[in-house]
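Reading through the structure tokens given below for one structure.
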Amino acid sequence: MSLAVVYTRANQGVDSPLVTVETHLSNGLPALSMVGLPETAVRESRERVRSAILNAGLEFPARRITINMAPAGVPKSGGRYDLAIALSILAASEQLPKAKLATTEVLGELALAGDVRGVQGVLPAVIAARDAGRSLMVPAANTDEATLVVGATTFAVTTLQQACQHFVDQPLDELVHSRNTAQADACPSPVDMADIRGQHLAKRALLIAAAGAHNMLMVGPPGTGKTLLANTLPGLLPTLSEAHALASASIRSVAGQPLNAGQWAVPPFRAPHHSASGVAMVGGGRHLTPGEVTLAHAGVLFLDELTEFKRHVLECLREPLESGTVTIARADYRVTFPARFQLIAAMNPCPCGYHGDSQGQCRCTPERIARYLEKISGPLLDRIDLHVEVPRLDYRELMGSEPVDDLASGSAALRERVVSARERQLVRAGVLNSRLTAAQLESVCALNKDSDALLQQIVERLRLSARACHRLIKLARTIADLESSPDICPKHLAEAASYRGISALSVLPAL
821 MSLAVVYTRA NQGVDSPLVT VETHLSNGLP ALSMVGLPET AVRESRERVR
871 SAILNAGLEF PARRITINMA PAGVPKSGGR YDLAIALSIL AASEQLPKAK
921 LATTEVLGEL ALAGDVRGVQ GVLPAVIAAR DAGRSLMVPA ANTDEATLVV
971 GATTFAVTTL QQACQHFVDQ PLDELVHSRN TAQADACPSP VDMADIRGQH
1021 LAKRALLIAA AGAHNMLMVG PPGTGKTLLA NTLPGLLPTL SEAHALASAS
1071 IRSVAGQPLN AGQWAVPPFR APHHSASGVA MVGGGRHLTP GEVTLAHAGV
1121 LFLDELTEFK RHVLECLREP LESGTVTIAR ADYRVTFPAR FQLIAAMNPC
1171 PCGYHGDSQG QCRCTPERIA RYLEKISGPL LDRIDLHVEV PRLDYRELMG
1221 SEPVDDLASG SAALRERVVS ARERQLVRAG VLNSRLTAAQ LESVCALNKD
1271 SDALLQQIVE RLRLSARACH RLIKLARTIA DLESSPDICP KHLAEAASYR
1321 GISALSVLPA L
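Counting in this note's numbering, the sequence shown runs from 821 upward without gaps.
The structure is reproduced here in structure tokens:
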């Protein structure tokens, strides 16, 4: 029977569903038809495959060829199926043994000369093939990401002829797992915390944000160090766990971004320009590519000049900040991207940037300031745990020596405190404090009598929403973890309230 089956993988979001390429040869006029919902780039593969087979010194069968790519409900785009189609035609014409193809999945785009070119989204396919118990043949250009997955069996090919020889009589050497396990203890950071003068409150808030993965907003005049402070955050963060590192690397693979095996576990730090569109921020487009919120998954999304972003772009952040995912719907299918990121934002207090500045340079009218601040909605601000003022420094603070305190030791020492606090959180609840569910709050963030009394006064007097109340408790829990305190004390709640623009001392002067 002139029928052959070759397995390959599609690219659907960050998932890689199985696609079966079925090729049947029958009598009739020479022709090649392709079914199974292939898009234009896939239908064009018939010419690439024909030329590649002939230039590899093999025979292209002069028969009626029918190729079915199942399941038909999975959209198929790009040239990633070329190699699988070519091998299925060769197997159906009995130029390759069919039995050996049953245990191997194939990915690769073919050049007219028979060379195998690299494709996007190889890493999710490697993970899926490993879980399915099959080996995976990938282009040599994708070797680095193919070797990141422990337990996977992968082979790299450069030409169609080499791929055929692997199944006939010259098996390829299995790619050796080459992940760099001796990773740096700290993530690369362009700025060390010890290099920043003054801004003790902002540095303290940044330490807390790093310890619990809390969202943070910095407000201040131009040139006060908001962007500089944000750039110190990567140096405070620990490297990712293997699961999170693979998820982040899979996203970069799908997006076609290069992977560095030596830095594959470094949390991503994304800083899109304020001209970014809604599609660029949350993903989408013709082929449903991931957006900035997904590229920042398991890492940090830094939005400088927050009020310069279009309002509808900022509103797109509300769902992923709450759910940790982004779902993009099309007429016949839906794709869900992971988007569990930490938001760090910076903005000026008014259009000219100097409202409330000690130098009194602001000339903005109250109406103009109100319109400026209306770009940021209340629901978005409600999802940001720390609201921190970054004021202008005077000459003595800017040029004088820094006082010796717990924040003057530099990013390396502060990172140890962050790692220790995060370990407590993971042992206690399995997640960081900012990601605790409402059900977990009762057991993880139980309040004593004094703390409960203070929280009640804060909530009643300032009319906090349920979300704001829960975030306040989570923030206080992180502050307690930094001090190795088993309980949330009133002083922890007072500090947490102050970072949300709330003066706890005005509520309870006895503190």
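Glycine is no exception: its CB is placed at the ideal position from the N, C-alpha and C atoms.
In this structure, how does DSSP classify L1325 when only helix, strand and coil are distinguished?
Here residue 1325 refers to the residue found at position 505 when the sequence shown is read from its first residue. With a pLDDT of 33 at L1325, under the threshold of 50, the modelled position of that residue is not reliable, and no figure is offered here.
Could you tell me the boundaries of the beta strand (DSSP E) in which N1253 lies?
Position 433 of the sequence shown, counted from the first residue, corresponds to residue 1253. Looking at the DSSP string, N1253 is not in any beta strand (DSSP E), and its letter there is neither H nor E.
Could you tell me the distance, in whole angstroms, from the CA atom of N888 to the CA atom of R863?
Sequence index remark: in the sequence shown, residue 888 carries index 68 (1-based). Sequence index remark: in the sequence shown, residue 863 carries index 43 (1-based). Approximately 12 Å between the Cα atoms of the pair.
Figure out for me which residue from A1116, T1052, E1062, A931 has the closest Cα to the Cα of K1023.
As a first step, residue 1023 must be located in the sequence shown, where it is residue number 203. Out of A1116, T1052, E1062, A931, T1052 has the C-alpha closest to the C-alpha of K1023.
With a CB to CB cut of under 7 Å and the five nearest residues on each side skipped, what residues in its chain are close to A1025?
In the sequence shown, counting from the first residue as 1, residue 1025 sits at position 205. Excluding sequence neighbours, A1025 sits near M1036, L1206, V1208, Y1319.
In the DSSP output, which residue or residues are listed as bridge partners for P959?
Start at 1 with the first residue of the sequence shown, and residue 959 comes out as number 139. Answer is V977, bridged to P959.
Is V970 buried or exposed, if buried means 16 or more other CB atoms sit within 10 Å of its CB?
Looking up residue 970 in the sequence shown gives position 150. Exposed, since its Cβ has fewer than 16 Cβ neighbours within 10 Å.
Looking at the unbroken beta strand (DSSP E) that takes in L845, where does it start and where does it end?
Reading the sequence shown from its first residue, position 25 is the one you call residue 845. Unbroken beta strand (DSSP E) run through L845: 838 to 846.
What does DSSP give as the partner residues of V1208 in its beta bridges?
Reading the sequence shown from its first residue, position 388 is the one you call residue 1208. M1038, per the DSSP bridge assignment.
For T1156, which option in L1201, S913, T1109, E1217 has the closest C-alpha, if you only look at C-alpha atoms?
Along the sequence shown, read from residue 1 onward, the residue named residue 1156 stands at position 336. If we check each option's Cα against that of T1156, T1109 comes out closest.
With DSSP as the reference, label P944 as helix, strand or coil.
Translated into positions along the sequence shown, residue 944 becomes position 124. If DSSP states are grouped into helix, strand and coil, P944 belongs with the helices.
Between P1211 and G1040, which are expected to be in contact by the criterion C-beta below 8 Å, what is the C-beta distance as a whole number of angstroms?
By one-based count along the sequence shown, residue 1211 stands at place 391. By one-based count along the sequence shown, residue 1040 stands at place 220. That pair is a contact at about 6 Å.
Under 7 Å Cβ to Cβ from L995, same chain only, skipping five residues before and after it: list those, please.
Numbered from 1 along the sequence shown, position 175 holds the residue referred to as residue 995. Same-chain partners within the cutoff: T963, A966, T967, T974, F975, A976.
From the DSSP secondary-structure annotation, give me the bridge partner or partners of S853.
Mapped onto the sequence shown, residue 853 falls at position 33. According to DSSP, S853 bridges with T886.
Can you give me the C-alpha to C-alpha distance between V1086 and S1068, rounded to a whole angstrom?
Residue 1086 sits at position 266 when you count from the first residue of the sequence shown. Residue 1068 sits at position 248 when you count from the first residue of the sequence shown. When rounded, the distance between both Cα atoms is 9 Å.
So, helix, strand or coil for I1164, using DSSP?
For the purposes of this step, residue 1164 is identified with residue 344 of the sequence shown, where counting begins at 1. In this structure, I1164 counts as strand in the three-state DSSP scheme.
Would you kindly report the start and end of the unbroken alpha helix (DSSP H) that includes L1200?
Position 380 of the sequence shown, counted from the first residue, corresponds to residue 1200. Element bounds for L1200: 1198 to 1202.
Return yes when the Cβ of V1011 is within less than 9 Å of the Cβ of G794, no when it is not.
Residue 794 lies beyond the range of the chain shown here (821 to 1331); nothing can be said about it.
Given a cut-off of 9 Å, decide if Q940 and V1074 are closer than it, judged by their beta-carbon atoms.
Here residue 1074 refers to the residue found at position 254 of the sequence shown. Here residue 940 refers to the residue found at position 120 of the sequence shown. Cβ distance < 9 Å, so V1074 and Q940 count as in contact.
Taking the continuous alpha helix (DSSP H) assigned at P1140, which residues delimit it?
Position 320 of the sequence shown, counted from the start, is the residue given in the question as residue 1140. Unbroken alpha helix (DSSP H) run through P1140: 1138 to 1143.
By how many angstroms is the C-alpha of A949 removed from the C-alpha of D1005?
Taking the sequence shown and counting its residues from 1, the one referred to as residue 1005 is at position 185. Taking the sequence shown and counting its residues from 1, the one referred to as residue 949 is at position 129. Bear in mind that the predicted position of D1005 carries a pLDDT of just 44, short of 50, making it unreliable; the figure below should be weighed with that in mind. Taking the straight line from one Cα to the other gives about 31 Å.
For Y1174, name the three-state secondary structure that DSSP assigns.
Within the sequence shown, residue 1174 is the residue found at index 354, counting from 1. If DSSP states are grouped into helix, strand and coil, Y1174 belongs with coil.
Does chain C have any CB closer than 9 Å to the CB of Y901?
The structure shown contains no chain C, having only a single protein chain.
If you reduce the DSSP assignment to three classes, tell me which class T1156 lands in.
Looking up residue 1156 in the sequence shown gives position 336. T1156 falls in the strand class under three-state DSSP.
Contact between the segment 1164 to 1183 and the segment 1116 to 1131 is defined here as three or more beta-carbon pairs at a separation below 8 Å; is this criterion met?
Below 8 Å, enough C-beta pairs join the segment 1164 to 1183 and the segment 1116 to 1131 to call them touching: three or more.
In this structure, how does DSSP classify G938 when only helix, strand and coil are distinguished?
Numbered from its first residue, the sequence shown carries residue 938 at position 118. In this structure, DSSP gives G938 a state outside helix and strand, which the three-state scheme calls coil.
My assumption, with CB atoms under 8 Å, is that A1063 sits in contact with P1088. Please give the rounded CB distance.
Here the question's residue 1063 lines up with position 243 in the sequence shown. Here the question's residue 1088 lines up with position 268 in the sequence shown. No, A1063 and P1088 are not in contact; Cβ-Cβ is about 15 Å, not under 8 Å.
Which word fits Q832, buried or exposed, when buried means at least 16 other C-beta atoms lie within 10 angstroms of its C-beta?
Your numbering for residue 832 matches position 12 in the sequence shown. Looking at its Cβ environment, which holds 16 or more other Cβ atoms inside 10 Å, Q832 is buried.
Considering only residues of the same chain and omitting the five flanking positions on each side of R1287, which have a CB-CB separation below 6 Å?
The residue labelled residue 1287 in the question sits at position 467 within the sequence shown. D1202.
Run through DSSP, which three-state label would Y827 get?
The sequence position of residue 827 within the sequence shown is 7, counting from 1. Residue state for Y827 is assigned as strand, using DSSP reduced to three classes.
Can you list, in chain order, the residues of its chain with a C-beta nearer than 6 Å to that of K1195? Leave out the 5 residues immediately preceding and following it.
What you label residue 1195 is simply residue 375 of the sequence shown in a count that begins at 1. Once the five neighbours on either side are set aside, the close Cβ partners of K1195 are T1127, R1131.
L823 and L838 - do their beta-carbons sit closer together than 9 Å?
One-based indexing of the sequence shown puts residue 838 at position 18. One-based indexing of the sequence shown puts residue 823 at position 3. At least 9 Å separates the beta-carbon of L838 from that of L823.
For the alpha helix (DSSP H) containing L1261, name the first residue and the last one.
The sequence position of residue 1261 within the sequence shown is 441, counting from 1. Its alpha helix (DSSP H) spans residues 1258 to 1264.
Say whether the segment 1181 to 1190 touches the segment 1137 to 1151, bearing in mind that this needs 3 or more beta-carbon pairs closer than 8 Å, one atom from each stretch.
no
Let me know if T924 comes out buried or exposed under the rule of 16 or more other beta-carbons within 10 Å of its beta-carbon.
Along the sequence shown, one-based indexing puts residue 924 at 104. That one is buried.
For A1006, does the three-state DSSP call read helix, strand or coil?
Working through the sequence shown from its first residue, we reach residue 1006 at position 186. The predicted position of A1006 is uncertain, since its pLDDT is 48 and thus under 50; a value taken from the coordinates is nonetheless stated next. Here A1006 sits in coil by DSSP.
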